[in-house]
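Chains as they are written, first to last, in the numbering used here: chain D, 117 to 256; chain F, 117 to 256. Glycine included, every Cβ here is placed at the ideal spot set by N, Cα and C. All values derive from a computational prediction rather than experimental measurement. Everything on this sheet refers to the single structure shown next.
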DNA sequence: TCCCGATTTGAGAACCGTTCTCGAAAGGGT
DNA sequence: ACCCTTTCGAGAACGGTTCTCAAATCGGGA
Ligand SMILES: [Zn+2]
Ligand SMILES: [Zn+2]
Ligand SMILES: [Zn+2]
Ligand SMILES: [Zn+2]
């Protein structure tokens, strides 16, 4: 995979966010910076990064794919519904439990998806709960 | 909510499946039975049932919504990737863990999503793995 | 039973995130 | 510079879902 200007731009844009962002949001950020990158290229690059395990993907309630640069080890997410603030969490017991459940029912090639949603401390404190962006995170 | 012929048909169609099915699959089943129900009505009825907590919803990897009549208590699913065979599973320890993690980070109004995917015993045994339907489940 | 307002239906259009198309542009090895 | 492959990108296409709105249906009261 060639490190083209476009791919570098998408990858750097991802790093500018601490929370999960959609392909279109990333494209918008690049546009506002006058980085000319086609939307199709943003989609292609994000898919490639996800396939390579360099970013995590999760679907929001609208079915939209959201991307985030995460640590390399297996983990799950605690995500604020209001602002998107994300915490990576690990639970060895949960990992064991899912494997045990699958074995118990004879299922093989097991994987799992686990996300925790809630309202983060910042959003709990603020009187008007935001719905369109993070509180104090870089986004451009 | 009026118990119309259409809503009854959708509800009964759901009961004919043991695994998760899409709105379009349910619509197809009704058509093949000469139950005249519009696709929009199928979507509306499934949404209403999901809102009422009468059916569980999960999104497949394509972002499609799948529906299943489940038990009323909180549970998760062990789903076969190949044929869709579904087992309801419960894990009190996981429930405790998610609450603890959320509290630890100060998140409130916590919910979570957890699905386990794998290959069921029947699909492991069969030589040509099916990709379009369950093994020996009612679907008509 | 008949009437009437409220609810429900459904064919098709609209919506929207995503993927595909394919000719143009860019890159790298020689 | 040349060639061949990869990548790009504007716009079309795709597919699941939702919306539109006129027609059908329902339920309750007269
Ligand atoms: Zn992650
Ligand atoms: Zn895990
Ligand atoms: Zn269920
Ligand atoms: Zn649970």
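Item                                                                                                                                                                              : Value
Please list the terminal residues of the continuous alpha helix (DSSP H) segment that includes residue 157(F).                                                                    : 155 to 167
I'd like to know if residue 244(F) contacts chain D, where contact means its C-beta is closer than 8 Å to some C-beta of that chain.                                              : Confidence at residue 244(F) is low in this model, with a pLDDT of 49, below 50, so its placement is unreliable and no value can be given for it.
Can you list, in chain order, the residues of its chain with a C-beta nearer than 8 Å to that of residue 254(D)? Leave out the 5 residues immediately preceding and following it. : Legend: pLDDT at residue 254(D) = 33, less than 50; position of this residue unreliable, no value from coordinates given.
Less than 8 Å between CB atoms is the rule here; does residue 199(D) satisfy it with respect to chain F?                                                                          : no
Give the secondary structure of residue 234(F) by DSSP, where H, G and I count as helix, E and B as strand, and everything else as coil.                                          : strand
For chain D, check one thing: does any of its Cβ atoms lie closer than 8 Å to the Cβ of residue 228(F)?                                                                           : yes
Please look up how many angstroms separate the CB atoms of residue 126(D) and residue 158(D), rounded, as I've assumed it's under 8 Å.                                            : 6 Å
Can you check DSSP and say which residues form a bridge with residue 196(D)?                                                                                                      : 234(D)
Which residue's Cα is closest to the Cα of residue 235(F): 218(F), 196(F) and 140(F)?                                                                                             : 196(F)
Return the chain-ordered list of same chain residues with a C-beta closer than 6 Å to the C-beta of residue 205(F), the five sequence neighbours on each side being excluded.     : 192 and 194
Quick one: any contact between the segment 206 to 217 of chain F and the segment 147 to 161 of chain F, if contact means 3 or more CB pairs under 8 Å?                            : no
Report the neighbours of residue 175(F) on chain D: residues whose CB is nearer than 8 Å to its CB, in chain order.                                                               : 175 and 179
Measure the C-alpha to C-alpha separation of residue 240(D) and residue 128(F) and round it to an integer number of angstroms.                                                    : 42 Å
So residue 233(F) contacts chain D; which residues on that side make the cut at Cβ distance below 8 Å?                                                                            : 226, 227, 228 and 229
Run down chain D in chain order and give the residues with a C-beta less than 9 Å from the C-beta of residue 237(F).                                                              : 221, 222, 223 and 224
Report whether the distance from the Cβ of residue 228(D) to the nearest heavy atom of ligand 2 is below 7 Å.                                                                     : yes
Just the C-alpha distance for residue 130(D) and residue 183(F), rounded to the nearest angstrom, thanks.                                                                         : 34 Å
Please state whether the Cβ-Cβ distance between residue 117(D) and residue 164(D) is less than 8 Å.                                                                               : yes
Whose C-beta lies closer than 6 Å to the C-beta of residue 162(F) among residues of the same chain, with five residues either side of it excluded?                                : 139 and 183
Alpha carbons only, please: which of 237(F), 169(F), 221(F) and 223(F) is nearest the one belonging to residue 226(D)?                                                            : 237(F)
Mark residue 202(D) as exposed unless 16 or more other C-beta atoms lie within 10 angstroms of its C-beta, in which case mark it buried.                                          : buried
Would you call residue 169(F) buried or exposed, if buried means 16 or more other Cβ atoms sit within 10 Å of its Cβ?                                                             : exposed
According to DSSP, simplified to helix, strand and coil, what is residue 189(D)?                                                                                                  : coil
Once DSSP output is grouped into helix, strand and coil, what is the label at residue 118(F)?                                                                                     : coil
Which residues mark the beginning and the end of the beta strand (DSSP E) in which residue 84(D) is found?                                                                        : Nothing in the structure corresponds to residue 84(D), since chain D is present only between 117 and 256.
Let me know the secondary structure DSSP gives residue 247(F) once reduced to three states.                                                                                       : Legend: pLDDT at residue 247(F) = 44, less than 50; position of this residue unreliable, value from coordinates given subsequently. Coil, per DSSP.
List the residues of chain F that residue 147(D) touches, going by C-beta distances under 9 Å, in chain order.                                                                    : Ordered by position in chain F, no residue passes the 9 Å Cβ test against residue 147(D), which lies about 25 Å from the chain.
Give me the chain D residues within the contact set of residue 196(F), using Cβ-Cβ distance strictly less than 9 Å, ordered along the chain.                                      : 223
CA-CA distance, residue 119(D) and residue 154(D)?                                                                                                                                : 16 Å
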